[in-house]
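Quick notes on the structure that follows.
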Amino acid sequence: MFRDEIDPLTKYERPPVQCYHGGQSFRYCPNFKCDFSVTTNVSGPPASAIKAAKEQFIDIEHYPDQDAWVPRCHFADYIGFHPNQIRLGNGASEFIDLISRIFKPGTTWRPYPSQVLYLEFERAFTNAGLLKTESSNANAEITVIVNPNSTTGDYIEIDELRKIIAADSKSTFVIDESFIMSYGPDWIKQSAMQLIQEFGDRVMVLTSWTKVWACPLLRLGTLVSSEKMIERIAEIQAPWTVNGFAQSFFIAALQEKDYFKEMWETTPLWNAEMRKLFKEIGCKPNENSPIWVPYVYVDMLTQEIATKAHRLAFDAGLPIRLCDDFHQPAKVRLGVRELKYVHMLFDIYKNDKELMEMIKQAQ
Ligand SMILES: Cc1ncc(COP(=O)(O)O)c(C=O)c1O
């Protein structure tokens with residue numbers, strides 16, 4: 200029983216999180232069914248990787264590999280790089296923080312090609328004393344590109360990216376490729392990792408494996424760059440940020456050579472269906488985003504409509520992501536999900552007379 204008979208969860212008031220993230224809301228959802236607010240792989244986590252993580256309990260009394268050397272070697276083999284060009288982290292978020300701290304306070308940075316960017320960059324970079332500038336500022340010392348952009352889904356092809364990096368020669372490019380694996384079997388050829396040899400220290404590529412292996416509870420990220428930049432990151436990275444369960448999960452998942460096949464097949468089909476349904480009710484999905492991107496970014500026409508669609512989804516146990524904190528209050532983003540849940544959500548929208556009337560009025 201509790202110390203004073205009061206459940207501690209009702210006793211304390213929880214302060215808001217420092218940086219809101221969609222994946223939090225499902226915990227408070229009545230009748231939770233499916234989480235559209237996160238952008239994890241529709242196939243879920245590889246079973247063999249879960250098994251490998253569970254088997255690690257046998258080693259629970261021991262420290263894990265301090266620098267995650269073994270998983271780094273496996274990953275080096277997977278992408279064709281040297282392990283000294285790779286760090287493994289507790290999600291991509293750890294690298295956003297570490298990268299911000301290898302530059303001197305006062306260093307200028309810009310989100311590119313627009314100001315709509317995964318929020319944690321702004322928080323970490325501001326905390327580290329870096330100065331944000333306009334997206335058009337080619338002289339910014341750091342350029343951050345999320346590719347595909349994690350909110351809008353807009354995507355820059357590798358040839359175009361090469362030109363941008365070559366042209367803005369004073370800038371170090373931090374490229375977040377947390378969703379590029381959805382591109383298809385050729386994703387490694389599309390990755391900005393291919394540009395590291397050409398541009399050396401000026402290209403740093405981070406990736407959230409948390410997303411594509413659907414393991415947010417475990418968390419996994421990688422950073423790939425020149426040996427020199429990776430050494431600078433290593434100097435400030437705390438030991439053991441990637442626990443032994445996550446390391447084993449990572450190694451086993453890498454062995455699953457065919458694992459992404461299902462994702463490559465289903466994501467474009469379900470993404471297309473979600474866009475079609477949004478258009479049918481009169482809203483505007485972002486058609487600039489390629490169809491393989493594992494989320495749909497939608498203009499709901501007004502802030503009121505977006506807020507109502509967000510609330511209806513939450514109440515039905517199908518939370519979606521409202522983009523107001525990206526300064527886009529009329530937009531929502533939905534992870535691509537199984538069609539039975541997609542249809543469940545659209546039944547709710549279509550049967551809500553008030554929502555349909557609001558959309559009609561806003562057109
Ligand atoms: C573009 C982008 N980068 C990084 C992250 C954080 O990844 P992780 O959960 O692996 O820390 C996210 C999570 O939503 C993201 O959308």
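To convert a position in the sequence shown, counted from 1, into the working numbering, add 199.
Glycine included, C-beta positions come from ideal geometry on N, C-alpha and C.
For clarity, every value in this text was computed on a predicted model and none was experimentally measured.
- Scanning its chain for C-beta atoms nearer than 6 Å, with the 5 sequence neighbours on each side dropped, one finds around ASN338 the residues LYS369, in chain order.
- Between LEU405 and GLN527, the alpha-carbon positions lie close to 25 Å from each other.
- The beta carbons of LEU297 and GLN436 sit closer together than 7 Å.
- Listed in chain order, the alpha helix (DSSP H) runs fully inside the stretch 302-386 are 318-326, 357-366, counting runs of at least 4 residues.
- VAL345 has its CB nearer than 6 Å to a heavy atom of ligand 1.
- Annotation: ARG202 to GLN217 spans about 30 Å, alpha carbon to alpha carbon.
- Remark: C-beta atoms of LEU521 and VAL531 approach each other more closely than 7 Å.
- Secondary structure note for MET392: it is in no alpha helix (DSSP H), with a DSSP letter that is neither H nor E.
- The beta carbon of VAL497 sits closer than 6 Å to those of PHE477, CYS482, PRO484, VAL531, all from its chain and outside the five residues before and after it, given in chain order.
- Around the beta-carbon of ILE205, fewer than 16 other beta-carbon atoms lie within 10 Å, marking it exposed.
- Remark: the shortest separation between the CB of THR409 and any heavy atom of ligand 1 falls under 6 Å.
- PRO484 has VAL497 as its beta-bridge partners, per DSSP.
- Per DSSP, the unbroken beta strand (DSSP E) holding LYS530 starts and ends at 530-534.
- In the DSSP assignment, GLY443 falls within the alpha helix (DSSP H) that extends over 443-454.
- With contacts defined as CB atoms closer than 7 Å, GLN265 and PRO467 fail to qualify as a contacting pair.
- DSSP places MET557 in the helix class (H, G or I) of the three-state scheme.
- For VAL404, the enclosing beta strand (DSSP E) has its first and last residue at 402-407.
- Residues of the same chain with a CB within less than 8 Å of the CB of LYS559, apart from the 5 flanking positions on each side, are GLY481 in chain order.
- For ASP234, the shortest C-beta to heavy atom distance toward ligand 1 is 6 Å or greater.
- Proximity of the beta carbon of ALA291 to ligand 1 is indicated: a heavy atom of the ligand is located closer than 6 Å.
- The residue from ASN283, GLY243, ALA251 with its alpha-carbon nearest to that of GLU430 is ASN283.
- By alpha-carbon distance to LYS507, the top candidate from GLU359, GLU556, GLN446 is GLU556.
- Within 10 angstroms of the beta-carbon of ASN240 lie 16 or more other beta-carbons, which makes it buried.
- Between GLU319 and ILE295, the CB-CB gap stays under 7 Å.
- Using a Cβ distance threshold of 7 Å, PRO244 and CYS414 count as a contacting pair.
- If you ignore the 5 residues before and after MET473, its C-beta comes within less than 6 Å of the C-beta of VAL495, VAL541, all in its own chain and listed in chain order.
- About 4 Å separates the beta carbons of ALA291 and SER407, which is inside the 8 Å limit, making them a contact pair.
- Here ASN348 has VAL315 as same chain residues with Cβ atoms under 7 Å from its own Cβ, once five neighbours each way along the sequence are excluded.
- From the listed residues ASN346, PHE398, VAL237, ALA327, the smallest Cα separation to GLU426 is found for PHE398.
- Taking each of SER247, LYS388, ILE374, VAL269 in turn and checking the Cα distance to ASN346, the smallest one comes out for ILE374.
- Taking non-hydrogen atoms of ligand 1 into account, the C-beta of ASP375 is found less than 6 Å away from one of them.
- Counting every other CB atom within 10 Å of its CB across the protein chains shown gives LEU416 a total below 16, marking it as exposed.
- LEU422 is not a Cβ neighbour of HIS273, given a cutoff of 7 Å.
- Per DSSP, reduced to three states, the secondary structure at LEU417 is coil, with no helix or strand assignment.
- Here ALA529 is buried: its Cβ has 16 or more other Cβ atoms, across all protein chains shown, within 10 Å.
- In the assembly as shown, ASN487 is an exposed residue. Its beta-carbon has fewer than 16 other beta-carbons within 10 Å.
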